[in-house]
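So the structure is just underneath, and the comments pick up after that.
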Amino acid sequence: METLTTRNTYHPMENLLRMDRLPHIWCPGCGIGIAVTTLAAALDKAQVDLNNVCIVSGIGCTGRVAGYVKLDSFHTTHGRAIPFATGIKLANPNLKVIVFSGDGDLLAIGGNHFIHAARRNIDMVVICVNNFIYAMTGGQVAPTTPLTAYATTSPYGCVEPPFNIPYIADSAGAVYVARWTALHVRRLATSIVEALHKTGFSLIEVISPCAQYYSRINRLGDGIDMMRFYHTNAEIRHGENTKNLDIPFQSNIICGKFVDRERPSYTERYNKWRTQIKGEDNEG
Amino acid sequence: MKADPKSVLTGVYYIDGDVAAGWGALAAGCKFIAGYPITPSTEAAEAFARVAPKAGAIFIQMEDELASIAAVLGAAWGGAKAMTITSGPGYSLMMETIGYGAMLETPFVLLNVQRGGPSTGVPTKTGQADMMQSRWGSHGDYEIIAISPDSPQEMFDYTIKAFNLAEKYRCPVMIMADECVGHMTEKVVIPAADEIEIEPRNFYKGSAEEYLPFKPGSDLIPQIAKAGDGLNLFISGLAHNEKGYPVKKDEPRGIYLKRLIDKIQKNKDKIIELKEEETENCEVVVVSYGISSRVAIKGIDMAREKGIKVGNLRLVTVWPFPDEKIRELANRVKAFVVPEINYGQIVFEIERCCDGKANVVLVPHGGAGVHNPQDICDAIELGAQKEKKSEGIIEFKTRLEKLVFEGNWSAKE
Amino acid sequence: MKPPKDSLKTGTHQLSGSQACVEGAISAGCRFLGMYPIEPAIEISNYFLERAKTLDAVYVQMEDEISALAAVLGASWTGRRSMTVTSGPGLSLMMEHMGLGVMLETPCVIVDVQRVGPGHGIPTAPAQGDIFQSRWGSHGDYEIIGLAPSTVQEIFDFMIKAFNFSEHYRVPVVVLTDGYLVNLKSDVTIPRAEDIKLEPRRYYDGPQEKYLPFKRDEDLIPRLVDIGAGYKFHVTGLTHDERGYPIMNEECQEFNVHPLVRKIRNYAEKIVRFQELATEDAEIIVIAYGSSFSAAKQAQQKAREQGIKTGLLKLDTIWPFAENRVRELSRKAKAFVAVEMNYGQLVYEIQRCSQGNANTIFVTHGEKGVENSDDILNAIIQASRENSKKEGIIEYAPK
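Those sequence lines, one after another, are chains A, B and C. Okay, so the first sequence: first residue is 85 according to the working numbering, each after it adds one. Okay, so the second sequence: first residue is 6 according to the working numbering, each after it adds one. Okay, so the third sequence: first residue is 16 according to the working numbering, each after it adds one.
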């Protein structure tokens with residue numbers, strides 16, 4: 085088994101990143117890099133065989149994560165990271181599959197796949213970086229943009245209520261649901277480790293600053309100001325009912341682990357069905 | 006009918022092609038745009054979103070491209086002139102509903118600001134590789150109209166024309182722009198509202214009992230209605246008869262389905278717009294569209310300096326294809342030179358129509374950039390010198406290709 | 016490479032087109048089907064599920080066709096031969112991922128059971144309306160391989176061909192069949208395992224640290240590895256270099272995309288397959304494919320009986336188009352009669368390659384039933400009476 089710490093290098097990160105692709109494309113003050121670092125730390129902590137982990141991303145700023153992580157990594161189409169990952173997982177159930185993508189990718193264009201993968205309980209860890217906006221294309225309204233917040237396609241303030249991502253995941257059947265901000269790196273790492281050891285659909289939402297678009301358009305300062313905001317406004321409430329996790333514009337962000345339960349995964353059910361059928365066939 | 010002054014931002018501007026298209030849509034009377042962010046078309050949606058409320062129009066950003074185009078069809082049947090805006094990957098996602106729109110004979114406009122493909126490709130740079138897709142991308146048989154503007158001014162003008170054609174022919178009209186034109190900033194003159202001609206929707210005005218939603222007029226186009234007119238419309242994507250009711254498996258269907266093609270093919274002369282220059286006495290004619298036609302001008306000038314008689318044919322409308330024009334030219338030129346930002350799409354149509362009478366030289370370009378005019382000039386020279394008729398398309402080997410595959414280029418950013 | 020024996024139903028069986036399709040896929044080693052139910056492709060997936068029970072095969076019904084093809088691409092990268100089945104509207108939804116499959120050079124097979132379109136069309140009526148879509152339906156430049164079986168036996172045989180092509184050329188292969196053929200029942204002979212030749216996956220076998228996922232062999236095709244094999248490779252739908260890393264400039268676009276086109280175009284002669292009947296002395300050559308072949312053959316024979324020198328060119332591969340053969344024939348023949356169950360698609364390719372040498376007559380087939388050959392025969396007669404060279408396509412109009 086190969087793990088991060090068994091590799092012999094100077095800096096532990098170096099082995100988990102495609103150093104030949106750096107520098108990355110993310111703007112100063114962005115939280116995605118933090119999420120990636122935390123993923124690396126978590127993979128180390130989780131003691132999983134890195135040869136057996138693969139990562140799938142969609143399109144967007146967070147969609148670029150797959151390209152920087154030194155695992156078998158797939159940069160797929162917009163919104164379709166989850167079904168692509170579903171294919172991988174079902175075809176080779178021994179793999180640990182991580183989907184790492186953004187809020188627009190996973191919840192707007194990929195919203196249907198998101199709920200269906202949770203419903204089927206496909207064994208994967210979905211890390212959703214939520215920065216409240218479409219940043220790659222320059223600041224359009226997202227399914228997570230809070231009411232009244234500005235975006236280039238809601239120039240007079242957002243009129244659409246946003247999604248509460250943990251609530252959707254919970255109601256669709258996820259076995260593990262947590263939310264942290266980019267400030268909570270240790271707790272986030274712990275959640276990722278827990279999710280990696282869980283069998284079934286896990287969702288971890290990571291609230292992340294977008295200094296270039298969301299903060300700038302809404303005049304919220306730069307990345308550090310957003311981190312200060314998280315520091316004063318994030319509230320940890322483990323086990324909170326996911327119904328109560330809306331994030332209104334610049335208000336409290338409730339973080340924590342909300343769901344941790346057991347449900348048979350798709351693969352478990354599928355294999356059970358197959359064994360049954362085979363048994364019947366043999367009898368017949 | 007003239008444009009509504011509330012929707013026309015009359016004046017002289019220095020704006021990019023995307024913005025010009027957004028404003029053009031508003032001037033054309035578009036009251037509904039549904040879109041989804043995608044580079045390099047987003048600026049058009051943003052521009053429309055900003056000006057729409059003042060003109061009583063709506064912009065909605067949907068959850069994906071599938072939803073965007075579905076909302077556009079709905080808006081059109083709700084009575085609004087409607088459009089969606091996208092680029093390659095989004096365009097591919099729209100394919101199912103484009104066919105559905107063609108089947109329902111829904112007037113709508115689709116702006117595709119093409120980028121380098123396939124798949125995610127090069128999102129921020131140009132391409133012209135969705136041209137065949139625009140014609141053939143959905144399942145089944147149908148026809149569409151496609152326009153290829155080459156400047157911000159044309160993005161404004163031809164967006165209006167696109168709406169007019171959509172209303173007249175009740176079919177999807179594609180504005181097949183490209184990243185260069187979309188992101189190019191130039192002077193754009195927006196005339197006064199009373200100088201802009203608008204095709205009103207041809208609504209049915211007769212009695213509800215006699216209304217047949219798909220009964221064609223003499224021009225093969227039926228009169229349209231909208232939801233709420235009291236006509237109890239039944240509109241379905243199933244193959245349908247004049248009443249709109251589904252055709253059964255064993256019933257004749259050709260009479261209904263073939264009209265979707267005939268209504269464009271038989272009105273082709275009224276739809277096609279070409280720009281020709283010095284094609285009367287030329288030995289080689291360059292056929293191009295979109296941004297490539299601007300680059301071609303330089304290549305043509307270079308070739309003319311060398312004394313070659315070069316004509317320039319620009320396809321403003323690419324679909325329906327001008328078969329007759331190409332056929333006529335094929336009788337008197339030695340070669341067609343076709344620069345397009347793809348590895349051969351419209352060039353196949355040209356080969357088809359030239360009936361083996363002239364050579365066809367393709368100057369390919371994979372995208373993420375435009376042609377080197379020197380390549381176009383060299384291809385013209387090749388076409389002019391070649392006496393023997395070659396079989397099939399002659400693919401010109403560009404400088405870029407030589408650099409990448411024969412030179413010492415290595416893939417480093 | 017040979018298929019595993021225990022999966023093969025060697026022998027002659029009466030099978031429907033749907034069953035033959037699945038047996039072909041399984042014989043070709045296919046062990047993953049991702050699909051979404053659509054008429055008239057449902058029988059294929061149902062039968063696959065039936066067969067999957069006793070094999071190490073995965074069957075998954077996804078939430079739509081978009082995700083079905085996405086799952087197939089993902090599955091293929093784990094080393095499983097994978098496929099999806101669909102019909103027109105579903106194929107339209109798959110267009111974006113067709114492009115991803117091309118860009119990632121992922122072997123996979125898409126079975127399109129064509130029905131009348133556009134829109135919902137007539138779900139239960141067979142057609143051949145997705146011919147151009149299969150070639151041009153996704154954005155950007157690419158090439159695919161398209162096969163059109165015209166008998167139940169051919170469905171079986173072509174499924175094996177399809178998997179072999181897709182493994183060899185690392186490209187999505189579309190099998191274009193239709194609602195008539197998949198429901199037809201006929202005897203199908205399934206060979207013994209040792210008589211079936213399977214193209215092995217083109218795995219990389221060099222040192223791990225030197226693996227470049229898009230470094231091309233001499234025949235322009237790169238080598239792949241499975242997920243989990245320890246290579247930690249990266250692939251992306253963005254324009255990429257040999258390492259699979261995105262590079263956003265025109266040189267890399269040329270470097271990446273031109274070979275996607277060339278790896279098929281340069282080898283078109285090796286891929287293209289067709290069958291000919293009595294073309295040596297033929298004045299009129301009927302060109303047909305898929306289920307319209309039987310009626311075309313009938314018409315050709317009736318025309319011969321009437322003394323019209325008629326031949327038949329049946330296209331097994333639709334894409335790449337049998338360009339050279341049609342060009343050659345155009346020099347000998349007076350006219351081509353293009354038979355299609357649509358309102359004119361492949362006829363444009365025929366017209367293009369006839370180079371003005373032969374007339375091109377187009378006849379829409381199928382409305383009077385797939386077996387009916389009257390229109391084709393009449394079109395042949397019309398073609399034989401036309402003594403001058405006409406411009407453009409001559410549309411046969413039934414009386």
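Ideal Cβ placement from N, Cα and C applies to all residues, glycine included.
Between the C-alpha atoms of I43(B) and S92(B), what's the straight-line distance to the nearest angstrom? Sequence index remark: in the second sequence, residue 43(B) carries index 38 (1-based). Sequence index remark: in the second sequence, residue 92(B) carries index 87 (1-based). The alpha-carbon atoms of I43(B) and S92(B) are separated by roughly 6 Å.
Within its chain, find whatever has a CB closer than 7 Å to the CB of A81(B); leave out the 5 residues flanking it on each side and keep chain order. As a working mapping, residue 81(B) is identified with position 76 in the second sequence. Contacts found: A87, T111, P112, F113.
Going by the DSSP bridge assignment, what does N317(B) pair with across the sheet? Residue numbering aside, residue 317(B) sits at position 312 when the second sequence is read from its first letter. The partner list for N317(B) (beta bridge, DSSP) reads E282(B), V291(B).
Contact residues within the stretch 92 to 114 of chain C, judged by C-beta distance below 9 Å to chain A: Per Cβ criterion, the list reads W92, T93, G94, R95, S97, E111, H112, G114.
Identify each residue in the stretch 356 to 382 of chain C for which the Cβ-Cβ distance to at least one residue of chain B is less than 9 Å, and report them in chain order. N357, Y358, G359, Q360, Y363, E364, Q366, R367, C368, S369, Q370, G371, N372, T379, E382
Taking the C-alpha atoms as reference points, what is the distance between T121(A) and Y260(A)? Counting from 1 along the first sequence, the entry for residue 121(A) is found at position 37. Counting from 1 along the first sequence, the entry for residue 260(A) is found at position 176. So the alpha carbons of these two residues sit roughly 21 Å apart.
Sorted by chain position, which residues of the same chain lie with C-beta nearer than 6 Å to I90(B)'s C-beta, five sequence neighbours on each side aside? Your numbering for residue 90(B) matches position 85 in the second sequence. Same-chain partners within the cutoff: G40, S46, A49, A50, L116.
Let's see if you can read the secondary structure: which residues bound the beta strand (DSSP E) around D183(B)? The sequence position of residue 183(B) within the second sequence is 178, counting from 1. Run containing D183(B): 177 to 183, per the beta strand (DSSP E) assignment.
Below 8 Å between beta carbons: does that hold for K280(B) and R319(B)? Locating residue 280(B) in the second sequence gives position 275, counting from the first residue. Locating residue 319(B) in the second sequence gives position 314, counting from the first residue. The answer is yes: Cβ separation under 8 Å.
For E282(B), which option in D255(B), S293(B), P257(B) has the closest C-alpha, if you only look at C-alpha atoms? Within the second sequence, numbered from 1, the residue matching residue 282(B) stands at position 277. Out of D255(B), S293(B), P257(B), S293(B) has the C-alpha closest to the C-alpha of E282(B).
Neighbour list for V225(A) in chain B, Cβ cutoff strictly below 7 Å: As a position in the first sequence, residue 225(A) is number 141, starting the count at 1. By Cβ distance, chain B contributes Q66.
Could you check if M356(C) is buried or exposed, using at least 16 other CB atoms within 10 Å of its CB as the buried criterion? Reading the third sequence from its first residue, position 341 is the one you call residue 356(C). By the 10 Å Cβ count, M356(C) comes out buried.
L243(B) versus Y261(B), P227(B), P154(B), I229(B), residue with shortest Cα-Cα distance: Stepping through the second sequence from its first residue, residue 243(B) is reached at position 238. Nearest C-alpha to L243(B): Y261(B).
Please work out which residues of its chain come closer than 6 Å, Cβ to Cβ, to A293(C), disregarding the five sequence neighbours upstream and downstream, and give them in chain order. Taking the first residue of the third sequence as position 1, residue 293(C) is located at position 278. For A293(C), where only same-chain residues beyond five positions count, the Cβ hits under 6 Å are G326.
Residue from E202(B), V127(B), T322(B) whose Cα sits closest to the Cα of K7(B): The residue given as residue 7(B) occupies position 2 in the second sequence. Per the Cα distances, E202(B).
Helix, strand or coil for G77(A), going by three-state DSSP, please let me know. Because chain A spans 85 through 368 in this model, residue 77(A) falls outside it and cannot be assessed.
Quick one: Cα of S153(B) to Cα of R347(A), how far? In the second sequence, the residue the question calls residue 153(B) occupies position 148. In the first sequence, the residue the question calls residue 347(A) occupies position 263. Their Cα atoms are separated by approximately 54 Å.
Helix, strand or coil at P327(B) [DSSP, three-state]: By 1-based counting over the second sequence, the position of residue 327(B) is 322. In this structure, P327(B) counts as coil in the three-state DSSP scheme.
Please check if any C-beta of chain C sits within less than 8 Å of the C-beta of D156(A). Taking the first residue of the first sequence as position 1, residue 156(A) is located at position 72. Chain C contact via Cβ: present.
Taking only beta-carbon positions, decide if C145(A) is within less than 8 Å of chain C. As a position in the first sequence, residue 145(A) is number 61, starting the count at 1. Using a CB distance cut-off of 8 Å, C145(A) does not count as an interface residue toward chain C.
Starting from R342(C) and walking both ways along the alpha helix (DSSP H), at which residues does that stretch end? Your numbering for residue 342(C) matches position 327 in the third sequence. R342(C) -> alpha helix (DSSP H) spans 338 to 347.
So, does the CB of P261(C) fall closer than 8 Å to a CB anywhere in chain A? If you number the third sequence from 1, residue 261(C) lands on position 246. At least one chain A Cβ lies under 8 Å of P261(C).
Please list, in chain order, the residues of the stretch 225 to 254 of chain C that have any C-beta partner in chain A closer than 9 Å. Per Cβ criterion, the list reads V240, D241, I242, G243, A244, G245, Y246, K247, F248, H249, V250, T251, G252, L253.
Tell me which residues share the same chain as V269(A) and place their Cβ nearer than 7 Å to its Cβ, disregarding the 5 neighbours each side in the sequence. Within the first sequence, residue 269(A) is the residue found at index 185, counting from 1. Taken in chain order, the residues that qualify are I118, T122.
When you compare only the Cα positions, how much space is there between K362(A) and V73(C)? Position 278 of the first sequence, counting from 1, holds the residue named residue 362(A). Position 58 of the third sequence, counting from 1, holds the residue named residue 73(C). Rounded to the nearest angstrom, the two C-alpha atoms are 14 Å apart.
Quick one: grab the DSSP three-state call for E182(C). Numbered from its first residue, the third sequence carries residue 182(C) at position 167. In this structure, E182(C) counts as helix in the three-state DSSP scheme.
Are the C-beta atoms of V272(C) and some chain B residue less than 8 Å apart? Position 257 of the third sequence, counted from the first residue, corresponds to residue 272(C). Chain B contact via Cβ: present.
Can you confirm whether P348(A), when its beta carbon is compared against all beta carbons of chain F, has any partner nearer than 8 Å? The structure shown contains no chain F; its protein chains are A, B and C.
Tell me the DSSP bridge mates of T28(C)? In the third sequence, residue 28(C) corresponds to position 13, counting from 1. Reading the sequence as shown, one finds His at residue 28(C) and not Thr. Looking at the DSSP assignment, H28(C) forms a beta bridge with V203(C).
7 Å Cβ cut-off: residues of chain B touching T232(A): Residue 232(A) sits at position 148 when you count from the first residue of the first sequence. Correct list: empty, because the minimum Cβ distance to chain B is about 16 Å.
Cut-off 8 Å between Cβ atoms - residues of its own chain near D254(A), not counting five sequence neighbours on either side: Here residue 254(A) refers to the residue found at position 170 of the first sequence. Cβ neighbours of D254(A) beyond the five flanking positions: V261, T326, F342, V343.
Chain-ordered chain B contacts of T228(A) [CB-CB under 7 Å]: Counted from its first residue, the first sequence places residue 228(A) at position 144. Within 7 Å Cβ-Cβ: nothing; T228(A) doesn't reach chain B, min ~12 Å.
Consult DSSP for T121(C) and reduce its assignment to one of helix, strand or coil. Here residue 121(C) is taken as the residue at index 106 of the third sequence, counted from 1. Secondary structure of T121(C) (DSSP, three-state): coil.
Helix, strand or coil, according to DSSP, for N214(A) in the structure here? Position 130 of the first sequence, counted from the first residue, corresponds to residue 214(A). N214(A) falls in the strand class under three-state DSSP.
Hey, how far is the Cα of N413(B) from the Cα of L162(C)? Reading the second sequence from its first residue, position 408 is the one you call residue 413(B). Reading the third sequence from its first residue, position 147 is the one you call residue 162(C). When rounded, the distance between both Cα atoms is 39 Å.
Can you tell me which of the three DSSP states I472(B) falls into? The question about residue 472(B) has no answer here: the residues shown for chain B are numbered 6 through 418.
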